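**Q** Protein chains in written order, with my numbering: chain A, 9 to 121; chain B, 117 to 226.
1) Pull the bridge partners of residue 154 of chain B from the DSSP assignment, please.
2) Count the CB pairs spanning the stretch 128-137 of chain B and the stretch 55-62 of chain A that are closer than 8 Å, and state whether there are at least three.
3) Count Cβ pairs between the stretch 209-216 of chain B and the stretch 173-182 of chain B that sit closer than 8 Å; are there 3 or more?
4) Closer than 8 Å by C-beta to residue 169 of chain B: which residues in its own chain qualify, once you throw out the five before and the five after it? Chain order, please.
5) Checking 8 Å against the spacing of the C-beta atoms, do residue 114 of chain A and residue 148 of chain B come in under that value?
6) For residue 198 of chain B, which residues of its own chain have a beta-carbon under 6 Å away from its beta-carbon, when the five flanking residues on both sides are left out?
7) Contact criterion: CB-CB distance below 8 Å. Does residue 132 of chain B meet it with respect to chain A?
8) For residue 153 of chain B and residue 162 of chain B, I'd like the C-alpha separation in whole angstroms.
9) Interface residues of chain A around residue 137 of chain B at Cβ under 8 Å?
10) Could you tell me the alpha carbon to alpha carbon distance between residue 121 of chain B and residue 139 of chain B, rounded to whole angstroms?
11) Where are the beta strand (DSSP E) runs, 3 residues long or more, that stay fully inside the stretch 40-112 of chain A, in chain order?
12) Report buried or exposed for residue 48 of chain A, applying the criterion of at least 16 other Cβ atoms within 10 angstroms of its Cβ.
13) Show which residues of chain A have a CB atom less than 9 Å away from the CB atom of residue 214 of chain B.
14) Tell me the residue span of the beta strand (DSSP E) that contains residue 137 of chain B.
15) Out of curiosity, what's the CA-to-CA distance linking residue 204 of chain B and residue 70 of chain A?
16) Out of A:22, A:14, A:12 and A:29, which has the shortest C-alpha to C-alpha gap to residue 74 of chain A?
17) Who are the neighbours of residue 115 of chain A on chain B, taking C-beta pairs under 7 Å?
18) Using three-state DSSP, classify residue 214 of chain B as helix, strand or coil.
19) Output, in chain order, the set of chain B residues within a Cβ distance shorter than 9 Å of residue 105 of chain A.
20) Under 8 Å, with one C-beta from each stretch per pair, do the stretch 9-19 of chain A and the stretch 77-96 of chain A reach the 3-pair mark?
21) To the nearest angstrom, how far is the alpha carbon of residue 217 of chain B from that of residue 24 of chain A?
22) Going by DSSP in three states, residue 121 of chain A sits in which element: helix, strand or coil?
23) Whose Cβ in chain A lies nearer than 8 Å to the Cβ of residue 218 of chain B?
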């Protein structure tokens, strides 16, 4: 069974631009979570989606948003990019929401110049 | 979020066992103990989890203290591919997210 896939793997943007990252969960998994990883803050939870609905959100500004499609694929969007948004963005999928085991993708490395 | 304490780093020789400690003195009765690892340039990878009893799988063993205030992840025979950051995470049974700490960086010497 294929794992979680994320596209693109690497991205370079400039301040003020916006970016969209994509995540395809493991087949049959319906819950998708997003995390941001930076050297200073470590891994931090962004948001979680299930059945096309955002169920939970971490402590991030409104510039960070996401959505989930009917096939469980998810996208996250960051608008008005700042230098501090440079990070590894990780997507994780699980069968259902809650404490089910989460399986992570390889991440998208975003660099903001 | 309940906190865990792990050593910053550990070194091991190839083909020797590795014992990774984790202290979680404020653990509550509904907290599961999860271990993930992150290899360089990859996303975190699930290793094992448990509640009260020791657990074994193909990757590792998890030994949980009787009072549940500490646990140990055991890699039975370390290989170079086991070099990674290992995260010990407490996750309440009704929690939707993983709260990662700094983890333990494991180095394996050939």
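Glycine included, every Cβ here is placed at the ideal spot set by N, Cα and C. Predicted model, so just to flag it, every value in this text is computed and none were measured.
**A** So, from the data block:
1) What you label residue 154 of chain B is simply residue 38 of the second chain in a count that begins at 1. Residue 154 of chain B is bridged to B:201.
2) no
3) no
4) Mapped onto the second chain, residue 169 of chain B falls at position 53. 180.
5) The residue given as residue 114 of chain A occupies position 106 in the first chain. The residue given as residue 148 of chain B occupies position 32 in the second chain. No, these two residues do not count as a Cβ contact at 8 Å.
6) Residue 198 of chain B sits at position 82 when you count from the first residue of the second chain. Same-chain partners within the cutoff: 191 and 224.
7) Taking the second chain and counting its residues from 1, the one referred to as residue 132 of chain B is at position 16. Not one chain A Cβ lies under 8 Å of residue 132 of chain B.
8) Working through the second chain from its first residue, we reach residue 153 of chain B at position 37. Working through the second chain from its first residue, we reach residue 162 of chain B at position 46. Going from the Cα of residue 153 of chain B to the Cα of residue 162 of chain B covers about 7 Å.
9) Walking along the second chain from the start, residue 137 of chain B turns up at place 21. None at all; the shortest Cβ gap to chain A is about 20 Å.
10) Residue mapping note: residue 121 of chain B aligns to position 5 of the second chain, counting from 1. Residue mapping note: residue 139 of chain B aligns to position 23 of the second chain, counting from 1. Approximately 5 Å between the Cα atoms of the pair.
11) 50-58, 61-65, 72-76, 82-86 and 95-102
12) Walking along the first chain from the start, residue 48 of chain A turns up at place 40. Residue 48 of chain A is exposed by the Cβ-count criterion.
13) Taking the first residue of the second chain as 1, we reach residue 214 of chain B at position 98. Chain A residues near residue 214 of chain B: 41, 43, 51, 53, 100 and 110.
14) Here residue 137 of chain B refers to the residue found at position 21 when the second chain is read from its first residue. That run of the beta strand (DSSP E) goes 134-139.
15) By one-based count along the second chain, residue 204 of chain B stands at place 88. By one-based count along the first chain, residue 70 of chain A stands at place 62. Roughly 30 Å between the two C-alpha positions.
16) To locate residue 74 of chain A, count along the first chain from 1; it is residue 66. Comparing Cα positions, the closest option is A:29.
17) Locating residue 115 of chain A in the first chain gives position 107, counting from the first residue. 159, listed in chain order.
18) The residue labelled residue 214 of chain B in the question sits at position 98 within the second chain. DSSP places residue 214 of chain B in coil when its eight states are reduced to three.
19) For the purposes of this step, residue 105 of chain A is identified with residue 97 of the first chain, where counting begins at 1. Here the neighbours are 212.
20) no
21) In the second chain, residue 217 of chain B corresponds to position 101, counting from 1. In the first chain, residue 24 of chain A corresponds to position 16, counting from 1. Going from the Cα of residue 217 of chain B to the Cα of residue 24 of chain A covers about 31 Å.
22) Walking along the first chain from the start, residue 121 of chain A turns up at place 113. It is coil, neither helix nor strand.
23) Working through the second chain from its first residue, we reach residue 218 of chain B at position 102. Chain A residues near residue 218 of chain B: 50.
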